[in-house]
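J.: Got a structure for you, written out below as structure tokens; questions coming shortly.
Residue numbers (my numbering): 2 to 66.
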């Protein structure tokens, strides 16, 4: 699958295999508490299965007060 990282720089990486989002983020060394992942217009949860033909976009989750 193609994973587009915007953290904040844009970078594209390829990840192989169907698996839960949690495993993909772990492989990329990303803390799931600091990012959000989107497939198309769908916001994904850590348990969502991601297929090899999918394209994901991973964004920094920014909060302020």
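We put the CB at the ideal spot given by N, CA and C, even for glycine.
Please read all numbers here as calculations on a predicted model, not as lab measurements.
Under 6 Å Cβ to Cβ from residue 40, same chain only, skipping five residues before and after it: list those, please.
T.: Translated into positions along the chain shown, residue 40 becomes position 39. Cβ neighbours of residue 40 beyond the five flanking positions: 55 and 57.
J.: Considering only DSSP beta bridges, list what residue 56 is partnered with.
T.: Stepping through the chain shown from its first residue, residue 56 is reached at position 55. DSSP lists 3 as partners of residue 56.
J.: Look at residue 38 and residue 29 and say whether their C-beta atoms are less than 8 Å apart.
T.: Start at 1 with the first residue of the chain shown, and residue 38 comes out as number 37. Start at 1 with the first residue of the chain shown, and residue 29 comes out as number 28. Against a cut-off of 8 Å, the Cβ pair of residue 29 and residue 38 comes out as no contact.
J.: As a quick exercise: from 2, 65, 10 and 60, pick the residue whose alpha carbon is nearest that of residue 20.
T.: The residue you call residue 20 lines up with position 19 of the chain shown. When each option's Cα is compared against that of residue 20, the closest is 2.
J.: Taking DSSP as the reference, what is the three-state secondary structure of residue 10?
T.: Numbered from 1 along the chain shown, position 9 holds the residue referred to as residue 10. Reduced to three states, the DSSP call for residue 10 is coil.
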